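Working notes for the structure below.
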Amino acid sequence: MSRRCSTAMLIVGPPGKRAPPRSARLCAEQRSTIFDPQTTAPVRRRGNRESRVPEIIDVSIGVLIAAGYAGYTINRVANDAGIRLSTLQHYFSTREALLRATIEEIARRYFERFRGFAENRNRSPQARLESIIDDAFADFVKPGLSAGVIESWGLAQHEPFARDAVVEVQKQFTKLFALLVGEINPELSMEERELRGALIVSSCQGLVIFLRWNEGDASQLHAFRKAVKAVWNGIGMAGE
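Quick note on my numbering: the sequence shown kicks off at 1190 and runs consecutively.
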């Protein structure tokens, strides 16, 4: 017990004579605070790695879409995220590290969506394939994540790390579509399934570009979507 608290307790007389002086009351409050389990609980710090990293990547995606890969800087990401540059660099030490994580996250979001359709066993394989087409047509016309895909490709033309990331993403999507093709046509060899999966991926990549700047009306888009379904189903069902 501190000397100040001890002195204050000696000054306090027997009960009923007078109110304890302010110093004594403060000591009592200090003791009650020290032993209050709520005050001894550790304070949870704001922005741990589990929450901060996804937040930074989400802002990074927005900057990549808005500024393009040529105008992208980690300083702008830090500013838009409302954090110091040194804080950002604690999680992503270089522009390359953050951009790679950004490219991978853009791809992951599309991959998880497409996989959700592809693995829906309540529908036939053909219906699952067509669901992916419907989702692509609905999303690729929007000014959002699909623009990040295009910027990722542009970056991959100049930066080896981005090219490696894009190539790996392409392999993952090829495997996903190859599995679906195998369900549509079990007679196909593994090599043929992968080849056709790659054909569907190339068509899907073309849709990103085509739909981004398409000026057709709703009826034209409907007809084009119907044609894409016929092509993809044909790729899956045709014999070797």
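The beta carbon of each residue, even a glycine, is placed where N, CA and C say it ideally should be.
What you are looking at is a predicted structure, and each value in this text was computed from that prediction instead of being measured.
Neighbour-count burial assignment, residue i, 16 or more Cβ in a 10 Å radius
{"i": "Gly-1425", "result": "buried"}
{"i": "Glu-1340", "result": "buried"}
{"i": "Leu-1274", "result": "exposed"}
{"i": "Ala-1412", "result": "exposed"}
{"i": "Trp-1421", "result": "buried"}
{"i": "Val-1266", "result": "buried"}
{"i": "Pro-1226", "result": "Annotation note: pLDDT 37 at Pro-1226 (below 50); position unreliable, coordinate value reported separately. It is exposed - the Cβ of Pro-1226 has fewer than 16 other Cβ atoms within 10 Å."}
{"i": "Gly-1386", "result": "buried"}
{"i": "Val-1356", "result": "exposed"}
{"i": "Pro-1375", "result": "exposed"}
{"i": "Arg-1317", "result": "buried"}
{"i": "Pro-1314", "result": "buried"}
{"i": "Lys-1415", "result": "exposed"}
{"i": "Ala-1419", "result": "exposed"}
{"i": "Glu-1319", "result": "buried"}
{"i": "Ser-1335", "result": "buried"}
{"i": "Gly-1395", "result": "exposed"}
{"i": "Ala-1407", "result": "exposed"}
{"i": "Ser-1221", "result": "For Ser-1221, the pLDDT reaches just 42, beneath the cut-off of 50, and the residue's location in the model is therefore unreliable, although a value from the coordinates is still provided. Its Cβ having fewer than 16 others within 10 Å, Ser-1221 is exposed."}
{"i": "Val-1427", "result": "At residue 1427 the sequence reads Ala, which differs from the Val that was named. Under this definition Ala-1427 is an exposed residue."}
{"i": "Thr-1228", "result": "In this prediction, Thr-1228 has a pLDDT of 38, which is less than 50 and means its spatial position is unreliable; what the coordinates show is noted afterwards. The residue in question, Thr-1228, is exposed, as its Cβ has fewer than 16 Cβ neighbours within 10 Å."}
Nearest candidate by alpha-carbon position, reference residue i, set the options
{"i": "Gly-1333", "options": "Ala-1256, Ala-1416, His-1411", "result": "Ala-1256"}
{"i": "Ile-1295", "options": "Asn-1268, Ala-1354, His-1411, Gly-1260", "result": "Ala-1354"}
{"i": "Ile-1398", "options": "Gly-1260, Trp-1342, Asp-1269, Gly-1305", "result": "Trp-1342"}
{"i": "Leu-1410", "options": "Ala-1316, Asp-1247, Asp-1328", "result": "Asp-1328"}
{"i": "Gly-1260", "options": "Arg-1284, Trp-1421, Ala-1316", "result": "Arg-1284"}
{"i": "Met-1379", "options": "Val-1390, Ala-1387, Leu-1388, Ala-1367", "result": "Ala-1367"}
{"i": "Glu-1383", "options": "Asn-1403, Trp-1402, Glu-1429, Glu-1404", "result": "Glu-1429"}
{"i": "Val-1338", "options": "Ala-1427, Val-1242, Ile-1250, Pro-1314", "result": "Ile-1250"}
{"i": "Val-1326", "options": "Glu-1239, Leu-1253, Ile-1245, Ser-1392", "result": "Rather than Val, the amino acid found at residue 1326 in this sequence is Phe. Of the listed residues, the one whose Cα sits closest to Phe-1326 is Ser-1392."}
{"i": "Gln-1346", "options": "Asn-1268, Gly-1395, Tyr-1258", "result": "Tyr-1258"}
{"i": "Ser-1282", "options": "Asn-1403, Ala-1407, Gln-1394, Asn-1264", "result": "Asn-1264"}
{"i": "Val-1449", "options": "Ile-1389, Tyr-1280, Lys-1331", "result": "Because the chain spans 1190 through 1429 in this model, residue 1449 falls outside it and cannot be assessed."}
{"i": "Glu-1404", "options": "Ile-1322, Leu-1388, Lys-1331", "result": "Lys-1331"}
{"i": "Asn-1309", "options": "Glu-1381, Glu-1372, Ile-1254, Ile-1272", "result": "Glu-1372"}
{"i": "Leu-1388", "options": "Gly-1423, Leu-1400, Arg-1401", "result": "Gly-1423"}
{"i": "Ala-1307", "options": "Arg-1401, Glu-1239, Val-1417, Val-1370", "result": "Val-1370"}
Bounding residues of the alpha helix (DSSP H) (the contiguous stretch that carries residue i)
{"i": "Arg-1382", "result": "1379 to 1401"}
{"i": "Lys-1364", "result": "1349 to 1373"}
{"i": "Val-1420", "result": "1407 to 1426"}
{"i": "Thr-1283", "result": "Note, Thr-1283: premise wrong, no alpha helix (DSSP H); not H, not E."}
{"i": "Arg-1310", "result": "Taken as a continuous stretch (DSSP letters only), Arg-1310 belongs to no alpha helix (DSSP H), as it is neither H nor E."}
{"i": "Arg-1273", "result": "Segment: none, Arg-1273 is in no alpha helix (DSSP H) and carries neither H nor E."}
{"i": "Gly-1337", "result": "1334 to 1345"}
Cutoff 8 Å: residue i Cβ touching any chain B Cβ
{"i": "Gln-1278", "result": "In the displayed structure, chain B is absent; only one protein chain is listed."}
Open item on the list: Is it the case that the stretch 1291 to 1306 contacts the stretch 1356 to 1371, given that we only count it when at least three CB pairs across the two stretches are under 8 Å?
Closed with: Between the stretch 1356 to 1371 and the stretch 1291 to 1306, the count of C-beta pairs closer than 8 Å reaches three or more; the two stretches touch.
TODO: Inspect the CB distances between the stretch 1273 to 1290 and the stretch 1337 to 1351 and report whether three or more fall short of 8 Å.
DONE: Touching, yes, given that three or more Cβ pairs across the two stretches are closer than 8 Å.
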